[in-house]
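Enquirer: For the sequence shown, the numbering used here gives the first residue as 667, with consecutive numbering after it.
There's a structure below that I have some questions on.
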Amino acid sequence: MTSIPHETPGEPNPLNALTLDLLRRRTSMKWRTHPSDVLPLWVAEMDVPLAEPVVRAVTRALTLGDTGYPSGTAYARALAEFAAKRWGWDGLAVERTAIVPDVMLGVVEMLKLVTAPGDAVVVNPPVYPPFFAFVAHMDRRIAEAPLGADGRLDLDVLEQAYRRAVAGGGRAAHLLCSPHNPTGTVHTARELAAVAALADRYGVRVVADEIHAPLAAPDGDFVPYLAVPGAQNGLSLMSASKGWNLAGLKAALAIAGPDAAADLARMPEEVGHGPSHVGVLAHTAALSEGTAWLDALLAGLDDNRRLLTALLAEHLPGVGYRPGGATYLAWLDCRALGLGDDPAAVFLERGRVALSPGPDFGTGGAGHVRLNLATSPEILTEGVRRMARAAVR
Ligand SMILES: Cc1ncc(COP(=O)(O)O)c(C=O)c1O
């Protein structure tokens, strides 16, 4: 199997820039959780160098000693401009935004605004595992509305979950992952409008985690939740963190629809003390000057999705994979391999390749693994070879 050649005019594919030796010098979670004989294809960090505009912004801040507290609305203005150009959405009003330390802490603060302890939060498993942990940590209860067999929102199941969520008379929220982690599903405008209509009927408040939105194809697939009809009281969280690999440079934006402005205004002022000023500068530079880099990355990710499909067909034909339209995550159905509920444990132990365990993603996760394909074609190829070796023993 040879790697598929990459064709991007302009910027080079950032996924091809770093060797394994260089990556192993990193000290972040992806590279330090497992011993050095393990190939890490799990947590959502990308094997890329930073986009030049981000490097310039951070270097300028460090050179100036500009490392104080964040100020102003540049991040929100950059995102509003990006959203207008990229998704044709001009409804992001800077005055209805707030900076938050990161997306998950933003989710927590927004859920606090619209629910009380003991209230239900609807999620769509299999879904990003911290959704369960953060909701439990804030004393809300999870109400599951699993995705359908096609990996898409199931509106009947969602309606039942909404009905159960509000049955006791409490308030309820729906923590929507859009695009969806781990499947990469990009919800359509129609699906999102149906969610908004249901939420309105049952009095459920939608909080949309849209952190993966920049990783959707630039041709108009992704629709911001707040852009669909009926979503005026929705809340959203966006960030440059996933698109430009900035998780260590903490910052994100909370965004309110027109009818949720009063809710967002109740967010305590001290929440805005959490984001890093250097993080805000980095995210702002990414959104306002990092589009060419992002497009080169997206082309590389497309190549990797095709490569992964070919590698699985060659080495692990029993594994089910439906390439998603966004994210750099691949959700692999390994049930036919007979490796039990947690194939990631087998791949790690026998194959020395680290993937995210499916059961952590809730209902529908057993027998699955999540693979992070934001890496070089060589590392991806070696990862699948290791999986294949582990599966045959
Ligand atoms: C859906 C989703 N939300 C939130 C996060 C974490 O974002 P942050 O580091 O900004 O909290 C991730 C990270 O992978 C994610 O996939």
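We put the beta carbon where it would ideally sit given N, CA and C, even for glycine.
Please classify Ser-694 as buried or exposed, where buried requires at least 16 other C-beta atoms within 10 Å of its C-beta.
Expert: It is exposed - the Cβ of Ser-694 has fewer than 16 other Cβ atoms within 10 Å.
Enquirer: Judging by CA-CA distance, which residue of Met-1053, Met-933, Glu-1048 and Leu-1003 is the nearest neighbour of Asn-1015?
Expert: Rather than Asn, the amino acid found at residue 1015 in this sequence is Glu. Of Met-1053, Met-933, Glu-1048 and Leu-1003, the residue nearest in Cα terms is Met-1053.
Enquirer: Looking only at C-alpha atoms, which of Pro-796, Met-933, Arg-837 and Ala-906 sits nearest to Asn-847?
Expert: Nearest Cα to Asn-847 within the set Pro-796, Met-933, Arg-837 and Ala-906: Pro-796.
Enquirer: Examine ligand 1 and report whether any of its heavy atoms sits within less than 7 Å of the Cβ of Cys-1000.
Expert: no
Enquirer: Measure from the alpha carbon of Gly-990 to the alpha carbon of each residue in Leu-998, Met-933 and Ala-928, then state which is nearest.
Expert: Leu-998
Enquirer: With distances taken Cα to Cα, identify the nearest neighbour of Gly-923 among Asp-732, Leu-892 and Tyr-735.
Expert: Leu-892
Enquirer: Using a strict less-than 7 Å threshold between each residue's beta carbon and the heavy atoms of ligand 1, what residues do you get?
Expert: Ala-710, Asp-768, Val-769, Met-770, Leu-771, Tyr-794, Pro-796, Cys-843, Asn-847, Asp-875, Ile-877, His-878, Ser-905, Ser-907, Lys-908, Ala-913 and Ala-918
Enquirer: When the Cα atoms are used, what is the spatial distance from Ala-839 to Met-804?
Expert: 13 Å
Enquirer: Alpha carbon to alpha carbon, how far is Arg-1055 from Arg-988? Give it in angstroms, no decimals.
Expert: 22 Å
Enquirer: So does the stretch 1027-1039 actually touch the stretch 692-710, counting three or more Cβ pairs closer than 8 Å?
Expert: yes
Enquirer: Under a Cβ-count criterion, where at least 16 other Cβ atoms within 10 Å of its own Cβ denotes burial, should Glu-673 be classed as buried or exposed?
Expert: Only weak support exists for where Glu-673 lies, its pLDDT of 46 falling under 50; the coordinates are left without a value.
Enquirer: Where DSSP assigns a beta bridge to His-1034, which residues make up the other side?
Expert: Asp-999
Enquirer: Near Asp-1026, what residues of its chain come up, given a Cβ to Cβ distance below 8 Å and the 5 sequence neighbours on each side ignored?
Expert: Pro-795
Enquirer: Can you find a CB in chain D that lies within less than 8 Å of the CB of Thr-685?
Expert: In the structure shown, chain D cannot be found, because there is only a single protein chain.
Enquirer: What number of angstroms, rounded off, separates the C-alpha of Val-873 from the C-alpha of Leu-841?
Expert: 5 Å
Enquirer: If contact is defined by three or more beta carbon pairs under 8 Å, each pair taking one atom from either stretch, is the stretch 874-890 in contact with the stretch 680-694?
Expert: Note that the stretch 680-694 does not touch the stretch 874-890; fewer than 3 beta-carbon pairs, one per stretch, sit closer than 8 Å.
Enquirer: For my contact list, Gly-1030 and Pro-884 are in at a C-beta cut-off of 8 Å; report their separation, rounded to the angstrom.
Expert: Rounded, the Cβ-Cβ distance is 30 Å, inconsistent with contact.
Enquirer: Roughly how far, in whole angstroms, is the beta-carbon of Asn-911 from the beta-carbon of Val-773, given that I think they are within contact range, below 8 Å?
Expert: The beta-carbon separation of Asn-911 and Val-773, rounded to 20 Å, does not stay under the 8 Å limit for a contact.
Enquirer: Is it buried or exposed, Gly-1017, if we count other Cβ atoms within 10 angstroms and call 16 or more buried?
Expert: buried
Enquirer: Could you have a look at Arg-1051 and say whether DSSP puts it in helix, strand or coil?
Expert: helix
Enquirer: Can you tell me which of the three DSSP states His-846 falls into?
Expert: coil
Enquirer: Tell me Ala-838's beta-bridge partners as DSSP assigns them.
Expert: Ala-786 and Val-870
Enquirer: Can you give me the C-alpha to C-alpha distance between Leu-982 and Lys-908, rounded to a whole angstrom?
Expert: 29 Å
Enquirer: Over what stretch of residues does the alpha helix (DSSP H) that includes Met-695 continue unbroken?
Expert: 695-698
Enquirer: Given a cut-off of 8 Å, decide if Leu-964 and Gly-984 are closer than it, judged by their beta-carbon atoms.
Expert: no
Enquirer: Enumerate in chain order the residues of its own chain whose CB-to-CB distance from Arg-807 is below 8 Å, with the five nearest sequence positions on each side excluded.
Expert: Residues Gly-784, Asp-785, Ala-786, Val-787 and Val-801 of the same chain have their beta carbon placed closer than 8 Å to that of Arg-807, with the five preceding and five following residues left out of the count.
Enquirer: Does the distance from the C-beta atom of Leu-901 to that of Ala-926 stay below 8 Å?
Expert: yes
Enquirer: Could you give the C-beta distance for Gly-850 and Ala-962, rounded to a whole number, given that I count them as a contact under 8 Å?
Expert: No, Gly-850 and Ala-962 are not in contact; Cβ-Cβ is about 19 Å, not under 8 Å.
Enquirer: Note down the Cα distance separating Ala-866 from Pro-680, rounded to an integer number of angstroms.
Expert: The sequence shown places Asp at residue 866, not Ala. Spanning the two alpha carbons is a distance of roughly 43 Å.
Enquirer: On the three-state DSSP scale, how would you describe Thr-763?
Expert: Three-state DSSP puts Thr-763 in a strand.
Enquirer: My understanding is that His-700 touches Ala-1020, with C-beta atoms under 8 Å, so please give their C-beta distance in whole angstroms.
Expert: 5 Å
Enquirer: Quick one: give me the first and last residue of the beta strand (DSSP E) that Arg-807 is part of.
Expert: It spans 807-810 - the beta strand (DSSP E) in which Arg-807 sits, taken as one unbroken run.
Enquirer: Expressed to the nearest angstrom, what Euclidean distance is found between the alpha-carbon atoms of Val-832 and Val-944?
Expert: 41 Å
Enquirer: When DSSP labels each residue in this structure, what does Ser-954 get in the three-state scheme?
Expert: helix
Enquirer: Taking the beta carbon of Glu-775 as the centre, do at least 16 other beta carbons fall within 10 Å, making it buried, or is it exposed?
Expert: buried
Enquirer: Taking the beta carbon of His-939 as the centre, do at least 16 other beta carbons fall within 10 Å, making it buried, or is it exposed?
Expert: exposed
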